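First comes the structure, then the notes that go with it.
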């Protein structure tokens, strides 16, 4: 009885931890699932407009970044990815419907690390998994710009506006001390990340090139093919660094199209197709 109660308590604690990481915008039994990973400093609110623009027959959740230390804005992409993967595994269980990890900017890196962790946790995860990324260099490439995370506040905000476009004229007023610390931690995680010996993904990968985003070069974008042995698709969209809010409808349409296409493609390709790249461009007005 003691062992049963202990196991039950552990399972309850795990379920509560998963609920803290995944916030469901809507959940439909048996429906394909989209997990949204916000940009650096982003919150649940960052994905609400995009969630509303995506089809109603998709279950949608957003990630609340799991900070490792209470009261300290610690960001570790690999550790966070592992925690999110465990939360997803607990939340979805044996559900076989498609799972799309959708990440922009820092969220793209987190979504990648989550996909790696999911494939490590479950042998057949790749067959139903689809990674969609935008606004971030391939994890196989180191950053080429000077680091920003230690700059004084005023200069940091100015550099963010210059590098990533408009994120609101009152950004400085919106950032309290805690929010600024978390933003700096997320940026530091981006700037210090190195791929290491991570195995290639086997799931489907879709890479969206944001044509008005100066922070990611075409070469850095196309280098995503280096980290995936499954089918890779490249698409382009006329948008700046924040398409979830700057080009919501067009971005949602493109993501919907990619999800539909990914369902019809085997996640683990035959040897002749391994690492293939399907280059397409959808430059919407």
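Numbering (UniProt numbering), first residue to last: 1 to 285. A virtual CB, placed ideally from N, CA and C, is assigned to each residue, including glycine. Small disclaimer: the values here were computed from a predicted structure and weren't measured.
Let me make sure I understand the geometry here. Which of the options has the alpha-carbon closest to that of residue i?
| i | options | result |
| --- | --- | --- |
| residue 116 | 222, 56, 84, 238 | 84 |
| residue 211 | 195, 238, 59, 98 | 238 |
| residue 193 | 99, 136, 51, 122 | 136 |
| residue 38 | 154, 262, 22, 27 | 22 |
| residue 106 | 229, 189, 24 | 189 |
| residue 242 | 50, 91, 202, 58 | 50 |
| residue 40 | 226, 185, 230, 224 | 185 |
| residue 235 | 256, 139, 209 | 209 |
By DSSP, does residue i sit in helix, in strand, or in coil?
| i | result |
| --- | --- |
| residue 197 | coil |
| residue 59 | strand |
| residue 207 | strand |
| residue 19 | helix |
| residue 54 | coil |
| residue 26 | strand |
| residue 65 | coil |
| residue 72 | The predicted model places residue 72 with a pLDDT of 44, which falls under 50 and marks its position as unreliable, so this point remains unresolved. |
| residue 97 | coil |
| residue 82 | helix |
| residue 122 | coil |
| residue 286 | Nothing can be reported for residue 286, as the shown portion of the chain is limited to 1 through 285. |
| residue 128 | coil |
| residue 31 | coil |
| residue 42 | coil |
| residue 155 | helix |
| residue 184 | helix |
| residue 255 | helix |
| residue 116 | helix |
| residue 263 | helix |
Classify residue i: buried if its beta carbon has 16 or more other beta carbons within 10 angstroms, exposed otherwise.
| i | result |
| --- | --- |
| residue 197 | exposed |
| residue 264 | exposed |
| residue 78 | buried |
| residue 6 | Only weak support exists for where residue 6 lies, its pLDDT of 46 falling under 50; the coordinates are left without a value. |
| residue 94 | exposed |
| residue 121 | exposed |
| residue 20 | exposed |
Give me the DSSP bridge partner(s) of residue i.
| i | result |
| --- | --- |
| residue 103 | 37, 133 |
| residue 236 | 209 |
| residue 228 | 201 |
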